[in-house]
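Reading the sequence shown from the start, the letters are residues 1 to 429 in full-length UniProt numbering. In this text, a Cβ means the ideal position worked out from N, Cα and C, and glycines have one as well. Here the structure comes first, spelled out in structure tokens, and everything after it is commentary.
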Amino acid sequence: MSPAREAALRAVTLVRKGKFMSEAVDEAVRAFKLDRRDAALCSRIVHEAVSNRGYICSVLESRSKLPMNRLEYVVYDILVIGAAQLLFMDRIPPSAAVNEAVELCRKYEGERATSYVNGVLRRVAENRGEPPEIFKTVSGAEYLGFRYTLSRWIAEDFVRRRGYEGAEALCRANNAEPPLTIQVNTLKTSSAELAGALRAAGIEAAPGLLPDSFDLPPSGLISALPGYDEGHFYVQDAAARLAVEAAAPEKGMSVLDACSAPGGKSFAAAIRMGGEGSILACDLKEKRLKRVAEGAKRLGLEGMIECRAMDARMPGEELQGRFDVVIADAPCSGFGVMRRKPEIRYKTDYETASLPAIQLAILSGLAPCVKPGGTLLYSTCTLLERENEDVARAFLAGNEGFTVTEQRTLWPDIDKTDGFFICRMVKSI
Numbered sequence: 001m002s003p004a005r006e007a008a009l010r011a012v013t014l015v016r017k018g019k020f021m022s023e024a025v026d027e028a029v030r031a032f033k034l035d036r037r038d039a040a041l042c043s044r045i046v047h048e049a050v051s052n053r054g055y056i057c058s059v060l061e062s063r064s065k066l067p068m069n070r071l072e073y074v075v076y077d078i079l080v081i082g083a084a085q086l087l088f089m090d091r092i093p094p095s096a097a098v099n100e101a102v103e104l105c106r107k108y109e110g111e112r113a114t115s116y117v118n119g120v121l122r123r124v125a126e127n128r129g130e131p132p133e134i135f136k137t138v139s140g141a142e143y144l145g146f147r148y149t150l151s152r153w154i155a156e157d158f159v160r161r162r163g164y165e166g167a168e169a170l171c172r173a174n175n176a177e178p179p180l181t182i183q184v185n186t187l188k189t190s191s192a193e194l195a196g197a198l199r200a201a202g203i204e205a206a207p208g209l210l211p212d213s214f215d216l217p218p219s220g221l222i223s224a225l226p227g228y229d230e231g232h233f234y235v236q237d238a239a240a241r242l243a244v245e246a247a248a249p250e251k252g253m254s255v256l257d258a259c260s261a262p263g264g265k266s267f268a269a270a271i272r273m274g275g276e277g278s279i280l281a282c283d284l285k286e287k288r289l290k291r292v293a294e295g296a297k298r299l300g301l302e303g304m305i306e307c308r309a310m311d312a313r314m315p316g317e318e319l320q321g322r323f324d325v326v327i328a329d330a331p332c333s334g335f336g337v338m339r340r341k342p343e344i345r346y347k348t349d350y351e352t353a354s355l356p357a358i359q360l361a362i363l364s365g366l367a368p369c370v371k372p373g374g375t376l377l378y379s380t381c382t383l384l385e386r387e388n389e390d391v392a393r394a395f396l397a398g399n400e401g402f403t404v405t406e407q408r409t410l411w412p413d414i415d416k417t418d419g420f421f422i423c424r425m426v427k428s429i
């Protein structure tokens, strides 16, 4: 039996029980002691299974002689990862996907369900080009929701903003497995040196979208990559680093990263500043700052980055007028990073409706912390206008001393990054 598929089953089960996909994959890779090749296969299977679960389940329902809701959870999960390979992984022979699923069923459920799993997946393989009947009866945003496993209200929002063709291109990009993007810690090493270390370890490292960055194939266990323990790189998508580039912190400046965890923007700012200056990295809960502190220590930035628990809506008076740059990467619905966190696509409109008020409160609370002539950067990793442009407009309406100098939305299908909103504002008084 393939250890990669057994690990994928473990990870898919963990995601079904509420764990984030990235954490579930890491846990499964560790548990089954997968090598880099098997870890990459496990990661791909899980990504396809979680990203396309709604579509997969529709296909399985149409090929099953039993209602899917009557199945044992383990059988259900085995069918999902088997169908994910058949429908979305062309390089895997159908016979291998089916046979491995049968072996998984035999190990975890016994003989009684093996013939059922074999029959359902063989029918899926034989009819891969034929969509379920339900897909022939829907159109527009409703079709996008079914086809790309997306809540209809999100699909409708995407269509409103991008038109149907643009929305479908966005949905395809959101369902594609992204590379693992790492940023070079140029305070400790160079891109050439890190590239050489990766190459020597047999890792394909393509140049990233930005200087001093690389795109690697996903393979789990980032800590096993060469240079990790030495602090030669940190993980961060180009979009998040572009937000820091827009804020433009320079050597000697004082920076407040108000919603810092897990710390990527603080690290990007510190490296951009050449290790000279000060960064106050804050987050609402102390335990979330543990990752920031650990990352800063690994990267050799602990002397520059101070961590402090703080509610960004109510910063202390001692912080007023103190910072050249304030970064407000506010908590958001996260619909720009669905390709990395596909489990968030199930969030409801109700769950996210209160976020704009929180985001506006954060911006309003942080505004006094900016020095005259300083920069306030508002960013999110979502693509909803109500959390992005609408919040920025509401803030500016109540804060005449700020002027927008840059505003942009990054789209996964167009910019080849995570979905991101960036708004740079300068304080004149």
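Check: Taking the runs of the alpha helix (DSSP H) that are 4 residues or longer, which of them lie wholly in the stretch 281-363?
Finding: Listed in chain order, they are 286-299 and 349-352.
- Query: Do the stretch 100-110 and the stretch 61-80 make contact, defined as three or more Cβ pairs closer than 8 Å?
  - Reply: Counting Cβ pairs under 8 Å, three or more are found: they touch.
*Say the cut is 6 Å; is the CB of P368 nearer than that to a heavy atom of the ligand NAP?*
The ligand content of the structure shown is nil, which means the ligand NAP is not present either.
Report yes or no: is there a C-beta of chain C within less than 7 Å of the C-beta of R322? The chain inventory of the structure shown lacks chain C, comprising one protein chain alone.
Checklist entry - Does DSSP classify K371 as helix, strand or coil? => result In the displayed model, K371 falls within a strand according to three-state DSSP.
**Study point:** Cutoff 6 Å; reference P368; Cβ partners in own chain excluding five residues on either side
**Key:** Residues Q320 of the same chain have their beta carbon placed closer than 6 Å to that of P368, with the five preceding and five following residues left out of the count.
Throw me the rounded Cβ distance for the V325 and V255 pair, which I believe falls under 8 Å. With a Cβ gap of about 5 Å, V325 and V255 count as contacting.
Requested in this report: Using alpha carbons as the reference points, say which of G166, S62 and W153 lies closest to R128.
Outcome: Measuring from the Cα of R128, the nearest candidate turns out to be S62.
Within 10 Å of its beta-carbon, does D283 have 16 or more other beta-carbons around it, so buried, or fewer, so exposed? By the neighbour-count rule (16 or more Cβ atoms within 10 Å), D283 is buried.
Around the Cβ of A40, are there at least 16 other Cβ atoms within 10 angstroms (buried) or fewer (exposed)? Buried, because 16 or more other Cβ atoms sit within 10 Å of the Cβ of A40.
- Item | Rounded separation between V25 and V117 - CA only | C-alpha separation (whole angstroms): 24 Å.
- Query: How would you label R91, buried or exposed, when you count the other beta carbons within 10 angstroms and need 16 or more for buried?
  - Reply: Answer is exposed; the Cβ neighbour count stays below 16.
Would you check if the distance between the CB atom of G231 and the CB atom of R298 is smaller than 7 Å? R298 sits close to G231, with the two beta carbons spaced by under 7 Å.
What number of angstroms, rounded off, separates the C-alpha of R403 from the C-alpha of L301? Contrary to the premise, residue 403 reads as Thr rather than Arg in this sequence. T403 and L301 have their C-alpha atoms some 32 Å from each other.
| Rounded straight-line distance, which links the Cα of L221 to that of R30 | Going from the Cα of R30 to the Cα of L221 covers about 8 Å.
Practice task
Check whether the Cβ atoms of L60 and A83 lie closer than 7 Å to each other.
Solution key: Using a Cβ distance threshold of 7 Å, L60 and A83 count as a contacting pair.
**Prompt:** Quick one: what does DSSP say L209 is sitting in, helix, strand or coil?
**Reply:** Here L209 sits in coil by DSSP.
Practice prompt. Could you check how far apart the C-beta atoms of T352 and S333 are, in whole angstroms? I think they sit under 8 Å.
Written response: Between S333 and T352 the Cβ distance is about 4 Å, and since that is below 8 Å, they are a contact.
Any chance you could list the alpha helix (DSSP H) runs of at least 4 consecutive residues sitting entirely within the stretch 7-72, in chain order? For the stretch 7-72, whole alpha helix (DSSP H) runs of length 4 or above, ordered along the chain, are 21-31, 36-51 and 53-63.
**Report entry** Residues bridged to Y378 (per DSSP)
**Finding:** A328 and C423, per the DSSP bridge assignment.
- With burial defined as no fewer than 16 other Cβ atoms inside 10 Å of the residue's Cβ, what is the status of I279: buried or exposed? Buried.
| field | Whole-angstrom C-beta distance between F420 and S379, which should lie under 8 Å | value | About 6 Å separates the two Cβ atoms, so the contact holds.
Practice problem: Grab the span of the beta strand (DSSP E) containing D90 for me, first residue to last. | Solution: No beta strand (DSSP E) holds D90; DSSP gives it neither H nor E.
* **Inter-residue Cα distance where the pair is R172 and T149** => Our two residues, R172 and T149, have alpha carbons roughly 11 Å apart in a direct line.
Problem set entry | Contacts around A201, its chain only, beta-carbon distance under 6 Å, and the 5 residues preceding and following it disregarded | Within the same chain, Cβ atoms closer than 6 Å to the Cβ of A201 are found at P226, the five residues on either side in sequence being excluded.
Exposed or buried, which one is P356 when buried takes at least 16 other CB atoms within 10 Å? With at least 16 other beta carbons inside 10 angstroms of its own, P356 counts as buried.
Nearest to Y350 by alpha carbon, out of A141, L86 and S151? Residue S151 is the option with its Cα nearest to Y350.
**OP:** Could you name the residues of the same chain whose beta carbon sits closer than 8 Å to that of N52, not counting the 5 residues immediately before and after it, in chain order?
**Re:** Once the five neighbours on either side are set aside, the close Cβ partners of N52 are A84, L87, F88, Y148, T149 and N175.
Worksheet item: Should E276 be labelled buried (16 or more other beta-carbon atoms within 10 Å of its own) or exposed?
Response: That one is exposed.
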